[in-house]
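Residue 123 in our numbering sits at position 118 of the sequence shown, and the numbers go up by one each step. Structure record follows, encoded as C-alpha cells.
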Amino acid sequence: MGILFAVMCLWGVVGGVQSGPAQALYADSIPTGERSKWYVYLFAAYIISSAVGPLVSIVVFASTKDEWTLAELRLVIVCGMVAEVGCAAVMFTFKDTAALGAASEAVRATGGRGAAGRARVAVA
6 MGILFAVMCL WGVVGGVQSG PAQALYADSI PTGERSKWYV YLFAAYIISS AVGPLVSIVV
66 FASTKDEWTL AELRLVIVCG MVAEVGCAAV MFTFKDTAAL GAASEAVRAT GGRGAAGRAR
126 VAVA
C-alpha cells in the first residue's frame, strides 16, 4: 500500500509540473479570438475523461465479481496507465514553434517584453 501511495504522489507531482507549461503553450498556440472555442473543447475532453475513468473502473470491478483484491486493483490501475499513454503521446507532439510568438496577445500588450520587463528572445 505504501508503494501505491508513493506512486500516486509522484504522479500528482509530475502532473502538476507538466500542466502549467502545457497550458501556457496551448494558450499561446491559439489566436485570441478563437480561444473560447478551443478551451471549451479542452474542458469537454477533461469532463468526458473524468466520467469514462470511473465507468471503466466499474466495468472492471463488475467483471471481476466486485472483489477488491490486489489483482483487481492492479488491473484498474493498469487500465488507467494505458489510457495515460495516449495523453503522453499527444504531449510529445507539442512544439514551441507552434506558439504564436509576436502575434501573441501577451507579447503585443507588453511591447515584446515579458512580465519582468525584459525583452523577450524569440525561440527558433
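The C-beta atom is built at its ideal place from N, Cα and C for all residues, glycine as well.
Could you tell me if residue i is buried or exposed, where buried requires 16 or more neighbouring beta carbons within 10 angstroms of its beta carbon?
i   : result
S24 : exposed
Less than 8 Å between the CB atoms is what I'm expecting for residue i and residue j, so what's the real figure, rounded?
i   : j    : result
V65 : V81  : 5 Å
C84 : V61  : 6 Å
L9  : A104 : Wrong, their Cβ atoms sit about 38 Å apart, outside the cutoff.
Can you look up residue i in the DSSP assignment and give me helix, strand or coil?
i    : result
P26  : helix
E77  : helix
E39  : helix
M6   : coil
F97  : coil
S34  : coil
E72  : coil
A104 : coil
With a threshold of 7 Å on Cβ separation, who are the neighbours of residue i within its own chain once the five nearest residues in sequence on each side are excluded?
i   : result
W43 : I35
In its own chain, which residues sit with a C-beta less than 8 Å from the C-beta of residue i, not counting the 5 before and 5 after it?
i   : result
L47 : Y31
TODO: Report yes or no: do three or more beta-carbon pairs, one from the stretch 13-28 and one from the stretch 36-45, lie closer than 8 Å?
DONE: Touching, no.
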